[in-house]
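A short write-up of the structure that comes next.
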Amino acid sequence: MQETSASIQITALPAFNDNYLWLIHAGKHALVVDPGDAAVVEQALEAGGYQLDGILLTHHHADHTGGALALQQHWHCPVYAPDNDHAAYRELNAFRVKEGDQITFSALPDLSCEVLSLPGHTLDHLAFYLNQQHLFSGDVMFGAGCGRLFEGTPPQMYASLQRIAALPSETLIYPAHEYTAHNIAFALTVEPENTTLQQRARNTALLREHQQPTLPTTLALEKATNPFLRCQSLAQQPAFYDWQPLDVFTELRARRNVF
Ligand code: ZN
Ligand code: FE
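One rule links them: number in this note's numbering = place in the sequence shown (from 1) + 63.
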């Protein structure tokens, strides 16, 4: 659980095989990001004595949206979703949000949320940047990795990751899947000599042994260990010497697909 300055707390709710539904709560009020499974969220709300005041959806995949309708019907709370007419949003009574929008919640006055558009995994993919401190990155960025390109192109995904990389390095990042250990195993094939990565591999193994989340992560740690954020420096190394950073990214994403 992360504590923030305004006594906002953020809790990972494990769901399905490896998803995290992120619960943001302050006092008795809560928001949820990407509620793929309504029952998991209801259970956490009941355990904490929270009421649900809002739902944030990063993209249309079912493991991120599947529980949104049942939760909205129960709690009559606003849903904020990407601005397109995908079937996943059609039944919802959703506010459509896009790049640059600011979302506020009357029940959570200490909270401000900026919307970023980060296409690549899907074309509609958003991230939610809370209090200029916490980034809910859905399936764009994972611990030591990035999402698959289901709809977008490598240049789109690369640009989306570069936008994340431009945030302050102390930004906390909350991806929607626990893929860190496998991503680190892949990253070590790219940079076996990276000592920060080696240390992260040890820390991650220890956390997973104890069934603890490896997330949130920090942008500083990702910049030091996530190969998809390191394409510029990899382009200076012998294995990729004289490549363009985007070509390094495209090659790494292709390799990771079959790793
Ligand atoms: Zn997805
Ligand atoms: Fe997903």
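Virtual Cβ for every residue (Gly too), placed ideally from N, Cα, C.
Predicted, not measured: the structure shown is a model, and the values here were computed from it.
task = Out of GLY206, LEU212, VAL104 and GLN165, state which residue places its alpha-carbon closest to the alpha-carbon of GLN195.
result = GLN165
message = For the beta strand (DSSP E) containing THR167, name the first residue and the last one.
response = 165-167
ask   = By how many angstroms is the C-alpha of ALA250 removed from the C-alpha of HIS122?
value = In a straight line, the C-alpha of HIS122 is about 26 Å away from that of ALA250.
inquiry  = Can you give me the C-alpha to C-alpha distance between GLU314 and VAL103, rounded to a whole angstrom?
reply    = One alpha carbon belongs to GLU314, the other to VAL103, and they sit about 37 Å apart.
query = alpha helix (DSSP H) containing ARG226: first to last residue?
reply = Start and end: 217-228.
task = Leaving aside the five residues before and after TYR113 along the sequence, list all residues of the same chain whose C-beta is less than 7 Å from its C-beta, in chain order.
result = HIS88, LYS91, HIS92 and ALA93
request  = Can you list the residues near ligand 1, meaning Cβ strictly closer than 5 Å to any non-hydrogen atom, in the order they appear in the chain?
outcome  = Chain-ordered list of matching residues: HIS124 and ASP202.
request  = For PRO218, I'd like the list of residues in its chain whose CB is within less than 7 Å of its CB, leaving aside the five on either flank, ordered along the chain.
outcome  = LEU309
message = My parser needs the alpha helix (DSSP H) runs of 4 or more residues fully inside the region 273-298; what are they?
response = You should have 282-288 and 294-297.
ask   = When the Cα of ALA317 is compared with those of VAL95, ASN266 and THR216, which residue comes out closest?
value = For the residues VAL95, ASN266 and THR216, the minimum Cα distance to ALA317 belongs to THR216.
key: Beta-carbon proximity list for SER223, same chain, < 7 Å, skipping 5 on both sides   = Hits under 7 Å: LEU181, PRO182, GLY183 and VAL203.
message = For HIS139 and THR185, I'd like the C-alpha separation in whole angstroms.
response = Using only the alpha carbons, I get a separation of about 28 Å.
ask   = Helix, strand or coil: how does DSSP classify PHE312 here?
value = helix
task = With GLU177 as the anchor, note down where its beta strand (DSSP E) starts and where it stops.
result = 175-180
query = Is the CB-CB distance between CYS176 and TYR152 below 8 Å?
reply = no
query = Excluding five sequence neighbours on each side, which residues of the same chain lie with their C-beta closer than 6 Å to the C-beta of PHE322?
reply = PHE249
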